[in-house]
Amino acid sequence: MEENKKEKRTIKFGVQLKLGALFFAFIALLIIFLNTYPLIASRDLVFRSKRDTLQSQAALAASSLSALDVLQEDSVRQVMELLDLSGLTRVMIAAHDGTLLYDAYDLGAQLDPDAEGELARALSGEAVFHAWFSDGVFFSHAVQPVRSRGATIGAVYLYEHDPEQGELLLNLQGTLRSISLIFGVTALLLLMMFTHALTGRMTDLVRAIRIVRDGSYDYRLKTRGHDEITELGEEFNNMTAQLQQTEELRRRFVSDASHELKTPLASIRLLSDSIAQSRNMDAETMREFVSDIGTEAERLQRTTDKLLGLTRLDATPRDVPRKRLDVARVAEDTLRLLRPLAEQQHITLRPLLQQGCLIMGSADDLYQIIFNLVENAIKYNCPDGLVDLVVGKRGGEVYICVEDTGIGIPQDDLPHIFSRFYRVDKARSRASGGSGLGLSIVRDAVLLHGGSVTAERREGGGSRFVVVFPAAQGTMDE
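The sequence shown runs 1 to 478 under the numbering used here.
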């Protein structure tokens, strides 16, 4: 018991670990995406906005200054005072030789090496824009050459330091982190609940399989829901129901077979003991006892032969290649063997056999089917009765019909007559040497050939058995 509990915990932990790892990896990727893509997209959007704004303002300033033939400090100041460039951190105008002519917010301040390099690129005729985000602040600058009459006479340098936009981006980042934390905790709780429920149901299924494996075929798994695990549980219950039915049939078969074999063996032992213990038994009584022993031995032999026949049918693969058989020919051969029994019982056999009714099958199995049906019709008939054997073909099927004029089969017994060891009249069956296996052999052999067999009461008295096989194409195999 302790070992089973330990194995149960191991299976459950293994499934939970795998599901948890898979789900955690998915959630981790989702959280990483949630915390990177929106920030990158927002930052790029701010960069594009800065580029458009600064380049537009730099182009406006350069266009306004291009009206001057030569950039001088006073004239540049006058032009720049007319332009609205508020909101910028620094606005500078440089002459064609790099001399700083105008610095709106920090006149006389030194230029950093990067600004000097970008001014030099602008004086060579190249427009420059650069932006970056650092320490929660957006930095951006744009440099535009000033052209007049096809020559570069100066350059405009615009610089912006924007902590407000940086604060918005940081606030967005904080909000996304909070959302990710809430989402992650919620997902973790849901994961624990889901894996617990799932592994619990799977563990119940594994436990049920072990219970049934130990022989408790009456155990049923309680199913709930409408998912695949529920369907699996229902299929498990169906399987265990079939196993239980098979086990019951096996036990009943063993019990019935033991009883069938025990009865003649007991009679043989009783008769042999009587002979052994009798000192003055006359020869006539001795012969009678020996004859009875032979009768019981023959009965025992018939029972064992039929049991072996059932075992052979149960073990025969369903896909064994078979020959084309003419059912009428097999029926003729079978009737030839049964005519002495029919004459002894004063029964008239009336065959109506259509030639060319071909099926794919085994001659031995087909013989057993016809022999058992006709033999039963003879044995359980009335004196001077009739037995009709009809073989015919309709559509794509070949049928065998056996009718007798006996007392028939009671309606309540019809559903059970193909069960093994079942007898309608047990006393009468034993007297005629019946074992209750003949019709079971017929059913198994018919099913093995893909056919069907039915039994019914015949109008006017008697019984009718109809066997139907799929018809075969072509000519009979030799």
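Ideal placement from N, C-alpha and C gives every residue a C-beta, glycine not left out.
For F418, there is no enclosing alpha helix (DSSP H), as DSSP gives it neither H nor E. Membership of A445 in the alpha helix (DSSP H) is indicated by the continuous run G438 to L448.
In this model, R329 and V391 are separated by some 10 Å (Cα to Cα). Restricted to the region 78 to 166, the alpha helix (DSSP H) segments that are unbroken, complete and at least 4 residues in length are 113 to 123, listed in chain order.
Under the three-state reduction of DSSP output, R279 falls in the coil class, being neither helix nor strand. Residue burial annotation: G395 is exposed, with fewer than 16 other C-beta atoms found within 10 angstroms of its C-beta. Note: G392 is bridge-paired with Y399 in the DSSP secondary-structure output. Looking only at E231, V212, A25 and R224, the smallest Cα-Cα distance to T240 is reached by V212. In the three-state DSSP reduction, R224 falls in the coil class, being neither helix nor strand. In the structure shown, L71 adopts coil according to DSSP, grouped into three states. Note that the C-beta distance between V137 and P163 is below 8 Å. Going by beta carbons, N372 and I441 fall inside the 8 Å limit.
Here L366 is near L325, since their CB atoms are less than 8 Å apart. For I359, no alpha helix (DSSP H) encloses it; the enclosing beta strand (DSSP E) starts and ends at L358 to G361.
Taking the CA atoms as reference points, Q57 sits about 33 Å from G174.
By the neighbour-count criterion, in which 16 or more other beta carbons inside 10 Å mark a residue as buried, Y399 falls on the buried side.
Between the alpha carbons of T246 and H449 lies a distance of about 22 Å. G87 is positioned such that its CB atom lies no closer than 8 Å to that of A120.
Boundaries of the beta strand (DSSP E) harbouring R464: S463 to P470, taken from the DSSP string. Residue state for E235 is assigned as helix, using DSSP reduced to three classes.
The alpha carbon of V91 has as its nearest neighbour, out of A115, D44 and L68, the alpha carbon of A115.
In this structure, T454 lies away from V446, with their beta-carbon atoms at least 8 Å apart.
For R458, there is no enclosing alpha helix (DSSP H), as DSSP marks it with neither H nor E. Cβ-Cβ separation between G154 and A94: approximately 6 Å, consistent with a contact (criterion under 8 Å). The three-state secondary structure of S49, taken from DSSP, is helix. Excluding the 5 residues flanking it on each side, E167 has no same chain C-beta neighbour closer than 6 Å. Sequence-distant partners of I268 (beyond 5 residues in either direction) whose C-beta falls short of 8 Å from its own C-beta, in its chain, are I293, E296, A297 and L300. Between the alpha carbons of E126 and D44 lies a gap of roughly 23 Å.
Between the C-alpha atoms of Q368 and V374 there is a straight-line separation of about 10 Å. Annotation for G200: no residue places its beta carbon closer than 7 Å to its own, counting only its chain and skipping 5 residues before and after. With respect to E397, F289 sits apart: the two C-beta atoms are not nearer than 8 Å. Here the alpha carbons of A41 and M80 stand approximately 35 Å from one another.
Counting along the chain, the unbroken beta strand (DSSP E) around L352 starts and ends at T348 to L353. Going by C-alpha positions, D218 is about 31 Å away from G438.
When the alpha-carbon of L34 is set against those of S75, S178 and R77, the nearest one is in S178.
Counting only residues of its own chain and dropping the five nearest sequence neighbours on each side, T223 has a CB closer than 8 Å to the CB of T230, G233, E234 and N237.
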